[in-house]
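In the UniProt record's numbering, the protein residues as written are 1 to 127.
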């Protein structure tokens, strides 16, 4: 009887941990909405040139102004990376993500960038 109890406990533990890891790896990232840069780094140094920077995601389109003027194009999410297909194609790595903040890393024109972003809530102006 002890043999069977050990096997059952072992199977339950395997199933429990197996289900938890599948849930985390299959976690879908919801990028939809407006994201504001609150801190940015260029080659590991804080930069203030991106203080008004943003990323906007809607359906499969993304707009950003990190290069000065807004650039729009399709984006493709692949796990914890997404590629912005625009006049300057860029791939971003999502290093951390929660529903209202994320950290992106990328390389643009030979410079390494890290962006810390907050999701901006859409507000309806009151009359």
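Ideal Cβ placement from N, Cα and C applies to all residues, glycine included. Since we're looking at a predicted model, the values are computed, not measured.
If you reduce the DSSP assignment to three classes, tell me which class residue i lands in.
i	result
residue 110	coil
residue 64	strand
residue 73	strand
residue 43	coil
residue 23	Because the pLDDT of residue 23 is 30, which lies under 50, any placement of that residue in the model is unreliable, and the number read from its coordinates should be weighed accordingly. Looking at residue 23 - three-state DSSP - the assignment turns out to be helix.
residue 84	strand
Restricting to Cα atoms, I'd like to know which of the options is closest to residue i.
i	options	result
residue 30	43, 52, 57	57
residue 45	115, 119, 78	115
residue 51	99, 40, 106, 60	40
Cβ atoms of residue j and residue i: under 9 Å apart, would you say?
i	j	result
residue 97	residue 84	no
residue 55	residue 121	no
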